[in-house]
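Q: The structure under discussion is supplied below as structure tokens; questions concerning it will follow.
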Amino acid sequence: MAKRDYYEILGISKSATAAEIKKAYRKMALKFHPDKNPDDKDAESKFKEAAEAYEVLSNADKKARYDQFGHQAFDGSGGFGGGGNMNMDDIFSQFGDIFGGAFGGGGGFSGGFGGGGQRRVKGSNLRIRVKLTLEEIANGVEKKIKVKRKVQASGTTYKTCSTCHGTGQVTRVTNTILGRMQTAATCTSCGGAGQIIDKKPAGADAHGLIIKEETVSIKIPAGVVDGMQLKVAGKGNEAPGNGISGDMLVAIEEQEHETLQREGDNLHYDLYVSLPDAVLGTSTEIDTVTGKVRIKVEAGVQSGKILRLRGKGIPNINGYGKGDLLVHVNVWTPKTLNKQQKDFFETMRDDDHFMPKPESTDKSFFEKVKDMFS
Ligand SMILES: [Zn+2]
């Protein structure tokens, strides 16, 4: 397969500046990072391809040679030799430069590649559930939650792993019919960290960790949905030595509201009005997620009418405004009447004024449903 042009790989023009080259590579590296694309061979090869392109284009001398001779500049005696494949260690060693050390030297990744060099171990994730009321969801809330985390026990000391001498990898030499072959593998004594525990206090586990109860404050944005999972980076279990902490994964649980029903960002409220109120009109208080609100019910309201209170719903989690509160009018009809009431309605029954005469503005049920979702 023909090698792709380095400028094309990074999606830049030949006149790109050093800063533009760096920026383009950073974007590619993040997009195709193996941590984000586990077990994706295509992403891994794109990741390597981008690293190779950057390796050449970020070096003035190599760039000049590439600009003049193309890929041939590196054939045979070239910097990468033959296939030009960089290994993952080479790639990660570029990262200090690209990401300002954010990922640490040769590691900082939980994924780990077979045969990688020294890497930082990541602590396990902590999973918790948080129950929220509809009001808390609508307004956003800060929750203080007691959690039990594994943290490094004070007094734990580390020493360089004697198996790998701190490199995190071991080299094995095997004799094959092709001659002696060297293979590098992650050190099993230290898990690739390069360090092992020297001394640990009583109560600490094999990794020098103890369980500690902590109160963690979690800011929950408005508009979260039942079943959604929020990640609080670095608040999971700690890792031994120079490892990095895992994350706290917060599962959202929505408590049922007494009078309001949620449907996406919209809320529904069933309003019951008496027959006289429906005929004469009234005003009444209803629940909203920001407290009670008084609404007017027009004289002659029809049962099934939907009053829309714009913006009284739930804020969209992605910032697309707020939902509405839809108030469904239900005219309450009494099941029993006394003699006097019965006589009253008997008189009304014969009055032509009480005969249903739907106007074109009295929408059918199906039209109303259509409206609700528009
Ligand atoms: Zn080791």
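Just so we're aligned: the sequence shown equals residues 21 to 394 in our numbering.
C-beta: ideal position from N, C-alpha, C; glycine also.
Quick check on this structure: which residue in Gly301, Lys23 and Gly211 has the alpha carbon closest to the alpha carbon of Lys66?
A: Lys66 has its Cα closest to that of Lys23, out of Gly301, Lys23 and Gly211.
Q: Taking Cβ positions, are Leu398 and Ile264 nearer each other than 8 Å?
A: In the structure as shown, the chain begins at 21 and stops at 394. Residue 398 is therefore absent and cannot be evaluated.
Q: Pop quiz: Leu269 and Arg147 are said to be a contact at Cβ under 8 Å. What is the actual Cβ separation, rounded to whole angstroms?
A: Right, the Cβ-Cβ distance comes to about 5 Å (below 8 Å), so this counts as a contact.
Q: Using only the heavy atoms of ligand 1, determine whether one of them is closer than 7 Å to the beta carbon of Thr196.
A: Not under cutoff, so the answer is no.
Q: Taking 7 Å as the cut-off, is the beta-carbon of Asp209 closer than that to any non-hydrogen atom of ligand 1?
A: Residue identity check: residue 209 is Ser in the sequence provided, not Asp. Ser209: yes, Cβ under 7 Å from ligand 1.
Q: Whose C-alpha, out of Arg149, Val317, Lys312 and Thr279, is nearest the C-alpha of Gly301?
A: Here the closest residue by C-alpha is Val317.
Q: By Cβ distance, which residues of its chain are closer than 6 Å to Ala259, with the 5 residues on each side in sequence left out?
A: Same-chain partners within the cutoff: Val141, Lys142 and Gly143.
Q: Measure the alpha-carbon distance for Tyr292 versus Lys325 and round it to whole angstroms.
A: Spanning the two alpha carbons is a distance of roughly 11 Å.
Q: Starting from Ser65, trace the alpha helix (DSSP H) both ways and give me its first and last residue.
A: Start and end: Lys61 to Leu77.
Q: Would you identify the three-state DSSP class for Tyr26, choosing helix, strand or coil?
A: Helix, per DSSP.
Q: Please classify Asn358: does DSSP put it in a helix, a strand, or coil?
A: Coil.
Q: Could you tell me which of Asn336, Leu50 and Leu77 sits nearest to Glu64, measuring between CA atoms?
A: Ranking Asn336, Leu50 and Leu77 by Cα distance to Glu64 puts Leu50 first.
Q: Grab me the residues of Asp285's own chain with a C-beta within less than 6 Å of its C-beta, minus the 5 sequence neighbours each way, in chain order.
A: Gly333, Ile334, Asn336 and Gly343, listed in sequence order.
Q: Out of Cys207, Gln361, Pro221 and Leu346, point me to the one whose CA is closest to Leu329's CA.
A: When only C-alpha atoms are compared, the closest one is Leu346.
Q: Within 10 angstroms of the Cβ of Asn105, are there 16 or more other Cβ atoms? Answer buried if so, exposed if not.
A: Here the model assigns Asn105 a pLDDT of 49, short of 50, so the residue's position is not dependable, and the following value carries that caveat. It counts as exposed.
Q: Under the three-state reduction of DSSP, which class applies to Ala271: helix, strand or coil?
A: If DSSP states are grouped into helix, strand and coil, Ala271 belongs with the strands.
Q: What alpha helix (DSSP H) runs, 4 residues minimum, are completely inside the stretch 280 to 341?
A: If we require 4 residues or more, the alpha helix (DSSP H) runs fully inside the stretch 280 to 341 come out as 295 to 300.
Q: State yes or no: is the C-beta of Gly243 nearer than 7 Å to some heavy atom of ligand 3?
A: The ligand content of the structure shown is limited to ligand 1, which means ligand 3 is not among them.
Q: Leaving out five residues before and five after Ser209 in sequence, what residues of the same chain have Cβ atoms less than 8 Å from its Cβ?
A: Closer than 8 Å at the Cβ level, and outside the excluded window around Ser209, lie Cys181, Ser182, Thr183, Cys184 and Ile216.
Q: Tell whether a beta-carbon distance below 8 Å holds between Gly212 and Gly188.
A: Result yes, Cβ atoms of Gly212 and Gly188 sit closer than 8 Å.
Q: Give the DSSP-derived three-state secondary structure of Pro260 in the structure shown.
A: Here Pro260 sits in coil by DSSP.
Q: Within 7 Å: the Cβ of Thr177 and any heavy atom of ligand 1?
A: Checking every heavy atom of ligand 1 against the Cβ of Thr177, none is found closer than 7 Å.
Q: Thinking C-beta only, is Tyr27 closer than 8 Å to Tyr45?
A: No.
Q: Leaving out five residues before and five after Asp117 in sequence, what residues of the same chain have Cβ atoms less than 7 Å from its Cβ?
A: With a pLDDT of 44 at Asp117, under the threshold of 50, the predicted position of this residue should be treated as unreliable, and no value is reported.
Q: Is the beta carbon of Lys232 less than 8 Å from the beta carbon of Arg169?
A: Yes, these two residues count as a Cβ contact at 8 Å.
Q: Let me check understanding here. Comparing Cα to Cα, which of Asp81, Ala36, Phe89 and Leu154 lies closest to Glu276?
A: For the residues Asp81, Ala36, Phe89 and Leu154, the minimum Cα distance to Glu276 belongs to Leu154.
Q: Using a Cβ-Cβ cutoff of less than 6 Å, which residues in the same chain neighbour Arg192 once the five nearest sequence positions on both sides are dropped?
A: Once the five neighbours on either side are set aside, the close Cβ partners of Arg192 are Thr203.
Q: Between the beta-carbon of Glu274 and the beta-carbon of Leu77, is there less than 8 Å?
A: No, these two residues do not count as a Cβ contact at 8 Å.
Q: Checking the sheet assignment: what are the DSSP bridge partners for Glu233?
A: DSSP, once it has assigned bridges, lists Lys168 as partnering Glu233.
Q: Under 8 Å between the Cβ atoms of Ile157 and Ile238?
A: Cβ distance not < 8 Å, so Ile157 and Ile238 don't count as in contact.
Q: Starting from Met48, trace the beta strand (DSSP E) both ways and give me its first and last residue.
A: No beta strand (DSSP E) holds Met48; the alpha helix (DSSP H) holding it covers Ala38 to Lys51.
Q: Tell me whether Gly261 counts as near ligand 1, meaning its Cβ is closer than 7 Å to at least one heavy atom of that ligand.
A: Incorrect: Gly261 has no Cβ contact closer than 7 Å to ligand 1.
Q: Give me whichever residues DSSP pairs with Glu162 in a beta bridge.
A: Lys239.
Q: Report the three-state DSSP secondary structure of Met375 (helix, strand or coil).
A: The answer is coil: DSSP assigns Met375 none of H, G, I, E or B.
Q: Going by the CB atoms, is the gap between Ala39 and Arg149 shorter than 8 Å?
A: No, these two residues do not count as a Cβ contact at 8 Å.
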